[in-house]
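Student: Residue numbers (the working numbering), protein chains in the order written: chain A, 3 to 459; chain B, 3 to 459.
Before anything else, here's the structure in question.
There are 2 protein chains.
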Amino acid sequence: MDIKEIVVDVEKYLDKEVKIFGWVRNHRKQKEFGFIDFSDGTCFGTIQLVYDNKLDDFLEIQKIKIGSSLEVNGTVIKSEGKGQEFEIKVQSIKVLGDCPDEYPIQPKRHTREFLREQAYLRPRTNLFNAVFRVRSITAMAIHTYFGERGYVYFHAPLITASDCEGAGQMFQVTTLDLDRVAKSGSVDYSKDFFGKSAALTVSGQLEAETYALAYKKVYTFGPTFRAENSNTKTHASEFWMIEPEIAFCDLEGDMDIMEDMLKYVVKYVLEHAKEEMEFFDKFVEKGLLEKLNKLINSKFTRISHHDVITILKEAKVKWEFEPKYGEDIAREHEKYITEYFDGPVFIKDWPKDIKAFYMKLNPDKETVAAVDLEVPGAGELMGGSEREADLNKLVSRMKDMNVPVEGMEWYLNLRKFGGCYHSGFGMGFERLLIYLTGVENIRDVIPYPRTPGNCDY
Amino acid sequence: MDIKEIVVDVEKYLDKEVKIFGWVRNHRKQKEFGFIDFSDGTCFGTIQLVYDNKLDDFLEIQKIKIGSSLEVNGTVIKSEGKGQEFEIKVQSIKVLGDCPDEYPIQPKRHTREFLREQAYLRPRTNLFNAVFRVRSITAMAIHTYFGERGYVYFHAPLITASDCEGAGQMFQVTTLDLDRVAKSGSVDYSKDFFGKSAALTVSGQLEAETYALAYKKVYTFGPTFRAENSNTKTHASEFWMIEPEIAFCDLEGDMDIMEDMLKYVVKYVLEHAKEEMEFFDKFVEKGLLEKLNKLINSKFTRISHHDVITILKEAKVKWEFEPKYGEDIAREHEKYITEYFDGPVFIKDWPKDIKAFYMKLNPDKETVAAVDLEVPGAGELMGGSEREADLNKLVSRMKDMNVPVEGMEWYLNLRKFGGCYHSGFGMGFERLLIYLTGVENIRDVIPYPRTPGNCDY
Numbered sequence: 003m004d005i006k007e008i009v010v011d012v013e014k015y016l017d018k019e020v021k022i023f024g025w026v027r028n029h030r031k032q033k034e035f036g037f038i039d040f041s042d043g044t045c046f047g048t049i050q051l052v053y054d055n056k057l058d059d060f061l062e063i064q065k066i067k068i069g070s071s072l073e074v075n076g077t078v079i080k081s082e083g084k085g086q087e088f089e090i091k092v093q094s095i096k097v098l099g100d101c102p103d104e105y106p107i108q109p110k111r112h113t114r115e116f117l118r119e120q121a122y123l124r125p126r127t128n129l130f131n132a133v134f135r136v137r138s139i140t141a142m143a144i145h146t147y148f149g150e151r152g153y154v155y156f157h158a159p160l161i162t163a164s165d166c167e168g169a170g171q172m173f174q175v176t177t178l179d180l181d182r183v184a185k186s187g188s189v190d191y192s193k194d195f196f197g198k199s200a201a202l203t204v205s206g207q208l209e210a211e212t213y214a215l216a217y218k219k220v221y222t223f224g225p226t227f228r229a230e231n232s233n234t235k236t237h238a239s240e241f242w243m244i245e246p247e248i249a250f251c252d253l254e255g256d257m258d259i260m261e262d263m264l265k266y267v268v269k270y271v272l273e274h275a276k277e278e279m280e281f282f283d284k285f286v287e288k289g290l291l292e293k294l295n296k297l298i299n300s301k302f303t304r305i306s307h308h309d310v311i312t313i314l315k316e317a318k319v320k321w322e323f324e325p326k327y328g329e330d331i332a333r334e335h336e337k338y339i340t341e342y343f344d345g346p347v348f349i350k351d352w353p354k355d356i357k358a359f360y361m362k363l364n365p366d367k368e369t370v371a372a373v374d375l376e377v378p379g380a381g382e383l384m385g386g387s388e389r390e391a392d393l394n395k396l397v398s399r400m401k402d403m404n405v406p407v408e409g410m411e412w413y414l415n416l417r418k419f420g421g422c423y424h425s426g427f428g429m430g431f432e433r434l435l436i437y438l439t440g441v442e443n444i445r446d447v448i449p450y451p452r453t454p455g456n457c458d459y
Numbered sequence: 003m004d005i006k007e008i009v010v011d012v013e014k015y016l017d018k019e020v021k022i023f024g025w026v027r028n029h030r031k032q033k034e035f036g037f038i039d040f041s042d043g044t045c046f047g048t049i050q051l052v053y054d055n056k057l058d059d060f061l062e063i064q065k066i067k068i069g070s071s072l073e074v075n076g077t078v079i080k081s082e083g084k085g086q087e088f089e090i091k092v093q094s095i096k097v098l099g100d101c102p103d104e105y106p107i108q109p110k111r112h113t114r115e116f117l118r119e120q121a122y123l124r125p126r127t128n129l130f131n132a133v134f135r136v137r138s139i140t141a142m143a144i145h146t147y148f149g150e151r152g153y154v155y156f157h158a159p160l161i162t163a164s165d166c167e168g169a170g171q172m173f174q175v176t177t178l179d180l181d182r183v184a185k186s187g188s189v190d191y192s193k194d195f196f197g198k199s200a201a202l203t204v205s206g207q208l209e210a211e212t213y214a215l216a217y218k219k220v221y222t223f224g225p226t227f228r229a230e231n232s233n234t235k236t237h238a239s240e241f242w243m244i245e246p247e248i249a250f251c252d253l254e255g256d257m258d259i260m261e262d263m264l265k266y267v268v269k270y271v272l273e274h275a276k277e278e279m280e281f282f283d284k285f286v287e288k289g290l291l292e293k294l295n296k297l298i299n300s301k302f303t304r305i306s307h308h309d310v311i312t313i314l315k316e317a318k319v320k321w322e323f324e325p326k327y328g329e330d331i332a333r334e335h336e337k338y339i340t341e342y343f344d345g346p347v348f349i350k351d352w353p354k355d356i357k358a359f360y361m362k363l364n365p366d367k368e369t370v371a372a373v374d375l376e377v378p379g380a381g382e383l384m385g386g387s388e389r390e391a392d393l394n395k396l397v398s399r400m401k402d403m404n405v406p407v408e409g410m411e412w413y414l415n416l417r418k419f420g421g422c423y424h425s426g427f428g429m430g431f432e433r434l435l436i437y438l439t440g441v442e443n444i445r446d447v448i449p450y451p452r453t454p455g456n457c458d459y
């Protein structure tokens with residue numbers, strides 16, 4: 003049985019015999035007794051095993067090392083010691099796999115940098131056990147939110163030949179033998195697997211639009227890739243994205259969904275990962291729970307990019323980057339504006355020149371119906387837009403921005419064959435996890451992160 | 003509102019005004035009336051819009067073409083006509099996007115081959131609307147099954163440097179400029195993005211094992227890739243896999259989970275996609291519902307590979323491939339054996355030479371604790387094994403099978419640092435969908451399939 007079953011319903015198992023399996027996290031020995039902190043990973047923290055010298059193999063048990071895996075028969079009893087309400091009185095222990103002294107995960111503080119180098123062992127620590135369970139629970143929250151609301155989960159293709167968004171930042175996918183390419187002196191893509199050059203997708207949005215115009219409401223939840231040579235805390239080359247796309251939905255409706263979904267997911271995680279979230283609040287980011295509860299209960303502000311710049315200009319702050327109409331805003335501005343409104347802020351109607359070609363041109367012809375959600379303590383958590391539904395405007399934007407029309411006929415046809423106004427947004431899954439856990443580095447919320455120069459496991 | 007909301011609770015909306023959005027699937031005109039088959043994709047099939055010549059723009063409405071998107075105000079009323087219980091009496095119609103006559107999806111029978119070439123429009127047909135909703139519902143079934151049982155959802159890395167399983171069948175991932183490689187005459191991987199050669203994963207199992215030995219129960223659900231030059235109905239280069247991995251679980255326990263999960267998922271889909279499944283039963287595979295209901299209620303047979311060969315040898319059948327002890331079994335054998343037992347069959351304890359290096363060597367030293375699940379009408383639907391937990395045996399198997407030990411220290415260390423018996427299995431998501439829908443070609447259950455020479459969208 004799982005240790006979690008005991009933990010969530012101790013009364014049921016009290017004074018009963020149980021058989022559990024798991025790993026030794028710590029082992030304290032006394033002359034007549036021994037105490038083992040024991041975990042099977044099914045819940046946060048450990049339970050205590052107590053054994054005494056009445057057991058025939060008492061001396062053997064005392065030799066059990068940290069990290070070993072055990073099969074344990076015992077009785078659930080009320081604990082007389084401090085620190086736990088109940089414990090397991092051992093009847094027998096069988097060592098399934100021992101563990102040498104050089105085992106890297108010892109019961110002491112390890113730095114996150116050290117644990118990053120032991121990525122395959124770090125989920126055995128409290129911190130990472132909590133992080134990756136919360137990752138799993140958050141994924142379930144997202145599927146549940148969209149599933150219950152009738153969205154169709156759409157699997158966007160990962161290998162793609164359309165590269166309109168990611169030019170220069172895409173990984174190429176090939177079965178050509180590079181040594182042969184080097185020897186032959188030329189590249190013949192007709193001999194490549196797909197008969198042409200192919201790459202890993204940077205976004206499933208354009209393909210998701212094709213399904214939104216068939217199902218009304220769809221979402222993607224899958225990996226995306228970016229071959230960006232950035233070594234920052236928030237960049238990884240492989241990360242998971244959620245990209246909902248909704249037909250018959252304008253920018254205001256889009257924001258409604260973004261706000262509703264985020265609140266739902268935060269609430270879900272607080273409910274389903276209580277102990278983990280309390281742990282983060284205590285040891286990773288003080289005030290985390292307060293931050294998240296405040297978000298749930300706040301009304302998100304909606305304001306145009308233009309009006310944001312006005313506020314920034316009027317602020318009595320010495321900016322590193324001068325805020326300007328028609329230009330992007332910097333981190334310091336994002337921070338100021340969420341503090342100014344004391345809560346999350348949707349910044350909408352962005353200057354068209356700094357946004358993507360598929361975003362709907364507003365009647366002013368200078369801005370597009372795009373929105374970024376700025377969240378206190380997280381920065382930009384999501385970005386969305388109403389999509390350009392007018393074929394001519396779309397084509398002209400593509401030309402202006404040097405996006406090739408060739409090969410994109412299917413995307414343009416969506417505007418010809420029963421087109422309609424529709425909107426969507428994207429959320430980086432790891433960015434959300436950083437916000438939820440307080441763990442600051444993206445390398446610590448992806449099991450096996452890929453970054454420039456790093457591709458282990 | 004979604005049309006689905008009306009469909010599932012007609013009584014609530016009867017004689018009430020509603021506003022709906024969607025697309026015209028068919029349009030029949032009479033002198034004084036018109037009928038539009040209308041769909042917003044949120045549920046299977048269409049609802050009927052009825053309009054009459056009392057509307058000011060009656061003549062304009064009569065011009066509305068198939069495929070157009072509309073905003074409709076109307077009243078839900080009981081239908082006097084045949085074929086539907088209720089319909090929408092139109093008060094007003096606004097055309098959001100028209101649709102030219104060359105629109106490929108007309109209300110007639112299209113072949114699946116034709117629709118494959120219109121992959122971005124095919125979810126607008128009844129068949130594919132059903133297929134891809136069932137794909138979504140099946141994904142939810144899988145997440146729900148594992149989530150409710152405390153499994154941690156693990157995201158395996160897609161880009162990988164460990165290639166022990168897929169030698170020769172992997173896609174290479176690179177940011178090297180191939181034209182430059184061709185010119186320079188040599189390949190310098192130190193200049194590649196990861197500083198070494200990297201590829202797309204063929205399986206997340208080995209990495210999942212690292213998490214199983216921390217969480218006890220984990221599963222992956224994500225894309226995997228195979229650069230196999232096969233143009234068959236069941237091969238795609240990019241497909242989704244589910245790979246559960248469970249610590250303290252032997253091969254028998256593994257089979258328990260495989261059987262339980264499959265029955266759960268089938269039941270879930272039958273319940274949550276009733277109309278779609280009835281449609282498949284009627285128009286795609288006659289007897290589909292009977293097949294699936296039989297599966298749910300059957301006890302899966304468990305038999306060794308050796309005993310299967312004995313049965314095959316004793317069968318009075320003229321085989322194309324002669325069954326032999328120690329060798330793989332062919333399609334015709336799989337089919338015979340599921341018919342012989344009249345239900346799903348776990349074939350276990352396979353000859354070691356035809357199975358992977360990580361599978362546990364049985365005491366006979368000739369077979370491994372591997373299992374394939376053969377399902378009537380589907381063939382091999384899952385494959386699993388108990389993993390080799392003994393370090394020395396594992397290393398010796400790797401040497402025998404020319405699997406490089408270098409770079410796999412982390413995998414070997416799992417056997418050193420508190421190793422334990424553990425098992426897992428893999429299920430191809432699309433193979434399951436083929437079984438569930440009766441649609442035979444993998445290209446018809448993946449939104450945008452990738453196969454040799456094909457990478458559109």
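Virtual Cβ for every residue (Gly too), placed ideally from N, Cα, C.
Who are the neighbours of B/Glu449 on chain A, taking C-beta pairs under 9 angstroms?
Tutor: Locating residue 449 of chain B in the second sequence gives position 447, counting from the first residue. The question names Glu, yet the displayed sequence has Pro at residue 449 of chain B. Neighbours of B/Pro449 on chain A, chain order: Phe156, His157, Ala158, Pro159, Glu209, Thr212 and Tyr213.
Student: Give the straight-line distance between the Cα atoms of A/Gly47 and A/His29, rounded to the nearest whole angstrom.
Tutor: Position 45 of the first sequence, counted from the first residue, corresponds to residue 47 of chain A. Position 27 of the first sequence, counted from the first residue, corresponds to residue 29 of chain A. Taking the straight line from one Cα to the other gives about 15 angstroms.
Student: Closer than 6 angstroms to a non-hydrogen atom of the ligand NAP - does that hold for the CB of B/Ser41?
Tutor: The model on display carries no ligand, and the ligand NAP is accordingly not part of it.
Student: Could you pull out every unbroken alpha helix (DSSP H) segment of at least 4 residues lying fully inside the stretch 138-200 of chain A, listed in chain order?
Tutor: With a minimum length of 4 residues, the continuous alpha helix (DSSP H) runs that stay inside the stretch 138-200 of chain A are 180-186.
Student: Would you mind telling me which residues of chain A sit closer than 7 angstroms to B/Val418, beta carbon to beta carbon, in chain order?
Tutor: On the second sequence, residue 418 of chain B is found 416 positions in, with the first residue counted as 1. Going by the sequence as given, residue 418 of chain B is Lys instead of Val. Within chain A, the residues near B/Lys418 are Pro102.
Student: Quick one: does A/Thr234 have its CB under 7 angstroms from some CB of chain B?
Tutor: Reading the first sequence from its first residue, position 232 is the one you call residue 234 of chain A. No, A/Thr234 does not count as interfacial toward chain B.
Student: Count Cβ pairs between the stretch 286-306 of chain A and the stretch 329-338 of chain A that sit closer than 8 angstroms; are there 3 or more?
Tutor: No, because fewer than three Cβ pairs between the stretch 286-306 of chain A and the stretch 329-338 of chain A fall closer than 8 angstroms, the two stretches do not touch.
Student: As a quick exercise: from B/Val310, B/Val441 and B/Leu414, pick the residue whose alpha carbon is nearest that of B/Phe281.
Tutor: Along the second sequence, one-based indexing puts residue 281 of chain B at 279. The shortest Cα separation from B/Phe281 among B/Val310, B/Val441 and B/Leu414 belongs to B/Val441.
Student: Can you tell me which residues form a DSSP beta bridge with A/Ser525?
Tutor: Only positions 3 to 459 of chain A appear in this structure, which leaves residue 525 of chain A out of reach.
Student: Does any C-beta atom of chain A lie closer than 7 angstroms to the C-beta of B/Gly152?
Tutor: Locating residue 152 of chain B in the second sequence gives position 150, where the first residue counts as 1. True, the Cβ-Cβ gap to chain A drops below 7 angstroms.
Student: Tell me whether A/Pro454 sits in a helix, a strand or coil according to DSSP, three-state version.
Tutor: The sequence position of residue 454 of chain A within the first sequence is 452, counting from 1. Coil, per DSSP.
Student: Can the beta-carbon of A/Ile444 be found closer than 7 angstroms to that of A/Ala238?
Tutor: Mapped onto the first sequence, residue 444 of chain A falls at position 442. Mapped onto the first sequence, residue 238 of chain A falls at position 236. Yes, they are a contact pair.
Student: Could you name the residues of chain B that A/Met142 contacts, counting a contact when the two beta carbons are closer than 8 angstroms?
Tutor: Counted from its first residue, the first sequence places residue 142 of chain A at position 140. Near A/Met142 (Cβ distances below 8 angstroms), the residues of chain B are His145, Gly149 and Tyr155.
Student: Please name the residue or residues paired with B/Lys31 in a DSSP beta bridge.
Tutor: The residue given as residue 31 of chain B occupies position 29 in the second sequence. Answer by DSSP bridge pairing, in chain order: B/Gly36.
Student: Along the stretch 124-141 of chain A, what residues have a CB closer than 7 angstroms to any CB found in chain B?
Tutor: The residues in question are Pro125, Arg126, Asn131, Phe134, Arg135, Ser138 and Ala141.
Student: What residue from A/Thr369, A/Leu178 and A/Phe116 has the CA that sits closest to A/Phe196's CA?
Tutor: Taking the first residue of the first sequence as position 1, residue 196 of chain A is located at position 194. For A/Phe196, the nearest C-alpha among the options comes from A/Leu178.
Student: Would you say B/Glu240 lies against chain C (beta-carbon separation less than 7 angstroms)?
Tutor: Looking for chain C here will not work: the only protein chains present are A and B.
Student: I believe B/Val136 touches B/Ala275 by the beta-carbon criterion, under 8 angstroms. Please report the beta-carbon distance rounded to the nearest angstrom.
Tutor: Within the second sequence, residue 136 of chain B is the residue found at index 134, counting from 1. Within the second sequence, residue 275 of chain B is the residue found at index 273, counting from 1. About 5 angstroms separates the two Cβ atoms, so the contact holds.
Student: What residues of chain A sit near B/Pro454, judged by a beta carbon separation below 9 angstroms?
Tutor: Here residue 454 of chain B refers to the residue found at position 452 of the second sequence. Going along chain A in sequence order, the residues near B/Pro454 (Cβ under 9 angstroms) are Phe195, Phe196 and Gly197.
Student: Check A/Ile313 in the structure and name its three-state DSSP category.
Tutor: Locating residue 313 of chain A in the first sequence gives position 311, where the first residue counts as 1. Note: A/Ile313 maps to helix in three-state DSSP.
Student: Measuring alpha carbon to alpha carbon, tell me which residue in A/Thr140, A/Glu278, A/Val373 and A/Phe35 is nearest A/Glu432.
Tutor: For this step, residue 432 of chain A is matched to residue 430 along the first sequence. Selected option, being the one with the closest Cα: A/Thr140.
Student: Taking CB distances under 7 angstroms as the criterion, tell me whether B/Gln174 reaches chain A.
Tutor: Here residue 174 of chain B refers to the residue found at position 172 when the second sequence is read from its first residue. Chain A contact via Cβ: present.
Student: According to DSSP, simplified to helix, strand and coil, what is A/Met243?
Tutor: Within the first sequence, the letter at position 241 stands for residue 243 of chain A. A/Met243: strand per DSSP, three-state reduction.
Student: Decide if the stretch 82-94 of chain A is in contact with the stretch 115-126 of chain A; the criterion is three or more beta carbon pairs, one per stretch, under 8 angstroms apart.
Tutor: No: the two stretches stay apart, fewer than three of their Cβ pairs being nearer than 8 angstroms.
Student: Which residues does DSSP pair with B/Gly99 in a beta bridge?
Tutor: Here residue 99 of chain B refers to the residue found at position 97 when the second sequence is read from its first residue. Beta-bridge pairing links B/Gly99 to B/Ser71.
Student: Could you tell me which whole beta strand (DSSP E) segments of length 3 or greater appear in the stretch 257-338 of chain B?
Tutor: Listed in chain order, the complete beta strand (DSSP E) runs (minimum 3 residues) inside the stretch 257-338 of chain B are 303-306.
Student: Counting only beta-carbon atoms, is A/Gly421 nearer than 7 angstroms to chain B?
Tutor: As a position in the first sequence, residue 421 of chain A is number 419, starting the count at 1. Yes, A/Gly421 counts as interfacial toward chain B.
Student: Would you call B/Glu278 buried or exposed, if buried means 16 or more other Cβ atoms sit within 10 Å of its Cβ?
Tutor: Numbered from its first residue, the second sequence carries residue 278 of chain B at position 276. Buried: at least 16 other Cβ atoms inside 10 Å.
Student: Please state whether DSSP places B/Thr48 in a helix, a strand or coil.
Tutor: The residue you call residue 48 of chain B lines up with position 46 of the second sequence. It is coil, neither helix nor strand.
Student: DSSP on A/Phe134, reduced to helix/strand/coil?
Tutor: For the purposes of this step, residue 134 of chain A is taken as residue 132 along the first sequence, with counting starting at 1. Note: A/Phe134 maps to helix in three-state DSSP.
Student: Let's test the definition: count the other Cβ atoms within 10 Å of the Cβ of A/Phe148 and tell me whether it reaches 16, buried, or not, exposed.
Tutor: The residue given as residue 148 of chain A occupies position 146 in the first sequence. Buried, because 16 or more other Cβ atoms sit within 10 Å of the Cβ of A/Phe148.
Student: Beta-carbon within less than 7 angstroms of B/Cys101's beta-carbon, same chain only, minus the 5 sequence neighbours each way: which residues are those?
Tutor: The count along the second sequence starts at 1 and reaches residue 101 of chain B at position 99. Only Lys67, Ile68, Gly69 and Ser70 meet the Cβ criterion.
Student: Quick one: Cα of B/Leu72 to Cα of A/Ala214, how far?
Tutor: Sequence index remark: in the second sequence, residue 72 of chain B carries index 70 (1-based). Sequence index remark: in the first sequence, residue 214 of chain A carries index 212 (1-based). So the two alpha carbons sit approximately 15 angstroms from each other.
Student: Shortest alpha-carbon distance to B/Gly409 belongs to which of B/Thr162, B/Val319 and B/Val370?
Tutor: For the purposes of this step, residue 409 of chain B is taken as residue 407 along the second sequence, with counting starting at 1. Checking every option, the nearest Cα to that of B/Gly409 belongs to B/Thr162.
Student: Which residues, in chain order, does the stretch 35-49 of chain A contribute to contact with chain B at a C-beta distance below 8 angstroms?
Tutor: Of all residues in the stretch 35-49 of chain A, Asp42, Gly43 and Thr44 have a Cβ within less than 8 angstroms of some Cβ in chain B.
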